[in-house]
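Enquirer: In my numbering, the protein residues as written are 20 to 133.
A single structure is presented below for examination.
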Amino acid sequence: QVQLVESGGGLVQPGGSLRLSCAAPGSIFSMYVMGWYRQAPGKQRELVASTTSGGTNYADSVKGRFSISRDNAKNTMYLQMNSLKPEDTAVYYCNARFAAINFWGQGTQVTVSS
């Protein structure tokens, strides 16, 4: 079983920042598309951002505020979240995808509230 280990969630005020981390096994990190998804209560899980060797992709709702990056030496992916809004409140999941194969982290709660 592949383990993706997330960290960095929490409670932040609107306009604040958080950085999420996702550690993955080296064999996964180098070959899979890595991404962040989120799921708010009563809503479907949605892609927030993804990264491959060819570049990055963002949901329109987070463009200009969130930044995805990866440290290949540490087999770790990050999501820097700035200018957070209450509508960003959700459980954030790390994802590793290769063709039809998907691995998921356990999720980390992000709550944006005053």
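Here a beta-carbon is modelled for each residue, glycine too, at the ideal position from N, C-alpha and C.
Rounded to whole angstroms, what is the Cα-Cα separation between P105 and S72?
Expert: Position 86 of the sequence shown holds residue 105. Position 53 of the sequence shown holds residue 72. Their backbone Cα atoms lie some 32 Å apart in a straight line.
Enquirer: Cβ of T127 within 8 Å of Cβ of E25?
Expert: Against the sequence shown, residue 127 aligns to sequence position 108. Against the sequence shown, residue 25 aligns to sequence position 6. Contact flag set, yes.
Enquirer: For L23, which of Y77, I47, T130 and P33 has the nearest alpha-carbon?
Expert: For the purposes of this step, residue 23 is identified with residue 4 of the sequence shown, where counting begins at 1. Ranking the options by Cα distance to L23, first place goes to I47.
Enquirer: Going by Cα to Cα distance, which pick from M53, V31 and G34 is closest to A5?
Expert: This structure gives no information on residue 5, because the portion of the chain shown stretches from 20 to 133.
Enquirer: Could you work out which residue in P44, G124 and S133 is closest to R57 when comparing CA atoms only?
Expert: Taking the sequence shown and counting its residues from 1, one reaches residue 57 at position 38. For the residues P44, G124 and S133, the minimum Cα distance to R57 belongs to G124.
Enquirer: So what's G29 in DSSP terms, helix, strand or just coil?
Expert: The residue labelled residue 29 in the question sits at position 10 within the sequence shown. Residue state, collapsed to three classes: strand.
Enquirer: Given this structure, state the Cα-to-Cα distance separating G74 from S133, to the nearest angstrom.
Expert: What you label residue 74 is simply residue 55 of the sequence shown in a count that begins at 1. What you label residue 133 is simply residue 114 of the sequence shown in a count that begins at 1. Cα-Cα distance, rounded: 35 Å.
Enquirer: Once the 5 residues before and after P44 are set aside, which same chain residues still bring their CB inside 8 Å of it?
Expert: Within the sequence shown, the letter at position 25 stands for residue 44. V21, Q22 and N94.
Enquirer: Within the same chain, show all residues whose beta-carbon is closer than 6 Å to that of D103, passing over the 5 residues directly before and after it, in chain order.
Expert: Counting from one through the sequence shown, the residue named residue 103 turns up at place 84. One detail in the question is off: residue 103 reads as Leu in this sequence, not Asp. V31, G35 and V131, listed in sequence order.
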